[in-house]
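**Student:** First residue of the sequence shown: 32, per the numbering used here; consecutive thereafter.
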Amino acid sequence: MTPPGALLRCPWAENSPLEMAYHDSEWGRPLFDDRALFELLVLEYMQSGLSWQLVLSRREGMRQALDGFDPAVIAAYSDSRLDQLLQDPRMIRNRLKIRALRQNAQAFLRVQEECGSFSSYLWGHVEGQPVQNAWTDISQVPSKTALSDALSRDLKRRGFGFMGPTVTYAYLQAAGLVNDHLVSCFCHKTIQQ
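#1: What separation, rounded to the nearest whole angstrom, lies between the Cα atoms of Ser56 and Asp114?
#2: Specify whether the segment 156 to 164 and the segment 113 to 127 touch according to this definition: at least 3 beta carbon pairs, one from each stretch, less than 8 Å apart.
#3: Figure out for me which residue from Phe63, Ser174 and Pro173 has the closest Cα to the Cα of Gly147.
#4: Count the other CB atoms within 10 Å of the CB of Met32; is the residue buried (16 or more) or exposed (fewer)?
#5: Under the rule that 16 or more other beta-carbon atoms within 10 Å means buried, what is Ala181, buried or exposed?
#6: The alpha helix (DSSP H) with Glu50 in it runs from where to where?
#7: Within 10 Å of its beta-carbon, does Ser179 have 16 or more other beta-carbons around it, so buried, or fewer, so exposed?
#8: Three Cβ pairs or more, each shorter than 8 Å: is that satisfied between the segment 124 to 134 and the segment 87 to 95?
#9: In whole angstroms, what separates the C-alpha of Thr167 from that of Leu49?
#10: Just to confirm my understanding: we take Pro102, look at its own chain, exclude 5 residues before and 5 after, and list those with CB closer than 7 Å. What are they?
#11: Which first and last residues belong to the alpha helix (DSSP H) in which Trp154 is found?
#12: Can you tell me whether Gln163 is helix, strand or coil according to DSSP?
#13: Relative to the alpha-carbon of Leu153, which residue among Tyr53, Met51, Ile222 and Gly207 has its alpha-carbon at the smallest distance?
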């Protein structure tokens, strides 16, 4: 039972203090800054198959190891730099995910060049407004949707790796293009406004 006056959150946010802080201050809040969108894209695909708590616990170390998640710098990483990252304990050390860093940074820069910003490209998929869902139970929240299927296909066509429909949907949720906070969560209404 929740104590009187306690904030109600999405259940997953109660797993750890890191997840609670991330949920309360970042997750699902509309994000428009390209650098922050690139960082979140990397974090989301790095999380695939792992716990979100693990990724959040390594986030600052990855930020240091990855030049502040600067896509222009990462796009120019050499093979030897990627090999160094595989040995760096601050990283999620999966060879394929590490190799995708450069690939995704290069694809990200191409989208920026074509669309003016990655943010414009991404938000164009929801006509500039977050999709407002009204889930009452965590079991109702989908792992992918027609929107994430379509965006995933387009990201892959543009050269992105590790952005399947499920990872893409998690990205849309995290970046605030989809409001999947439960209606009982204190964040749901603040994001609607």
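Built from N, CA and C at the ideal position, the CB exists for glycine as well. In this text the structure is predicted, and so the values were computed from the model without any measurement.
**Tutor:** Taking the structure as given:
#1: 34 Å
#2: no
#3: Phe63
#4: Low confidence applies to Met32: its pLDDT is 48, below 50, so where it sits in the model is not reliable, and the reading given next is rough at best. So Met32 counts as exposed.
#5: exposed
#6: Pro48 to Ser56
#7: buried
#8: no
#9: 24 Å
#10: Phe69, Ala136, Phe139 and Leu140
#11: Phe149 to Gly155
#12: strand
#13: Gly207
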